[in-house]
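Report on the following structure.
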Amino acid sequence: MEYVLMIGVALSGKTSYVKSNFKHQRIALSHFNNDRKKELEYIEKCLKKGIDVVIDDTNLTEEIRKLHITLGKKYNAKIRGIFMNTSQAILEKRQRSRRDPFPLSAIYKQLKILETPMVAEGFDELIVKKYYEQPRGT
Numbered sequence: 029m030e031y032v033l034m035i036g037v038a039l040s041g042k043t044s045y046v047k048s049n050f051k052h053q054r055i056a057l058s059h060f061n062n063d064r065k066k067e068l069e070y071i072e073k074c075l076k077k078g079i080d081v082v083i084d085d086t087n088l089t090e091e092i093r094k095l096h097i098t099l100g101k102k103y104n105a106k107i108r109g110i111f112m113n114t115s116q117a118i119l120e121k122r123q124r125s126r127r128d129p130f131p132l133s134a135i136y137k138q139l140k141i142l143e144t145p146m147v148a149e150g151f152d153e154l155i156v157k158k159y160y161e162q163p164r165g166t
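The sequence shown begins at 29 in the working numbering and counts up by one.
Following this line, the structure appears as structure tokens:
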């Protein structure tokens with residue numbers, strides 16, 4: 029059983045990556061009106077049934093990630109973290125191109141809160157996806 033934890037600020041590409049790379053049960057905090065307790069209860073129900081899950085949240089801090097890692101390990105799931113390390117330039121470009129723009133102020137706040145994930149937090153595997161603007165003329 030696999031427990032995939034997406035990590036990254038808004039507009040970093042988490043949801044697009046999940047939709048094109050996983051058949052797992054996709055779970056997002058927004059599905060539970062941002063009630064983390066309800067989200068974790070639902071995840072636990074999935075794990076009890078042996079369902080692979082992918083958590084499509086920002087998971088910006090080690091404290092939040094620890095809740096997920098502890099829960100996954102309780103059910104002997106393989107814990108895979110995927111960190112969407114997206115440059116500020118790309119985030120701003122994506123924000124401008126959206127029909128329903130996500131406030132840049134919220135993205136900047138998330139960037140300040142973001143704690144870089146480390147394997148030592150308890151991940152069985154930690155993948156870093158780097159997205160950055162290519163210099164012009166190269």
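Note that CB positions come from ideal geometry on N, CA and C, so glycine has one too.
Residue burial classification, residue i (beta-carbon count within 10 angstroms, cutoff 16)
{"i": "T166", "result": "A caution first: T166 carries a pLDDT of 47, below 50, which makes its placement in the model unreliable, though a value can still be read off. T166 comes out exposed."}
{"i": "S40", "result": "buried"}
{"i": "G78", "result": "exposed"}
{"i": "R93", "result": "buried"}
{"i": "N49", "result": "exposed"}
{"i": "N87", "result": "buried"}
{"i": "P129", "result": "exposed"}
{"i": "P131", "result": "exposed"}
{"i": "I155", "result": "exposed"}
Those residues which DSSP pairs with residue i across a bridge
{"i": "V81", "result": "Y31, Q53"}
{"i": "F111", "result": "I35, V156"}
Extent of the continuous alpha helix (DSSP H) to which residue i belongs
{"i": "Y159", "result": "Segment 153-159 is the beta strand (DSSP E) holding Y159; no alpha helix (DSSP H) there."}
{"i": "R122", "result": "116-125"}
{"i": "L139", "result": "132-141"}
{"i": "L88", "result": "Segment: none, L88 is in no alpha helix (DSSP H) and carries neither H nor E."}
{"i": "Y70", "result": "64-76"}
CB of residue i within 7 Å of CB of residue j, strictly
{"i": "I135", "j": "V32", "result": "no"}
{"i": "F151", "j": "G100", "result": "no"}
{"i": "L34", "j": "A105", "result": "Residue 34 is actually Met in this sequence, not Leu. Contact: no."}
{"i": "E153", "j": "E90", "result": "no"}
For residue j and residue i, believed in contact at Cβ under 8 Å, the rounded distance
{"i": "D80", "j": "V46", "result": "About 12 Å separates the two Cβ atoms, so there is no contact after all."}
{"i": "Y159", "j": "I118", "result": "5 Å"}
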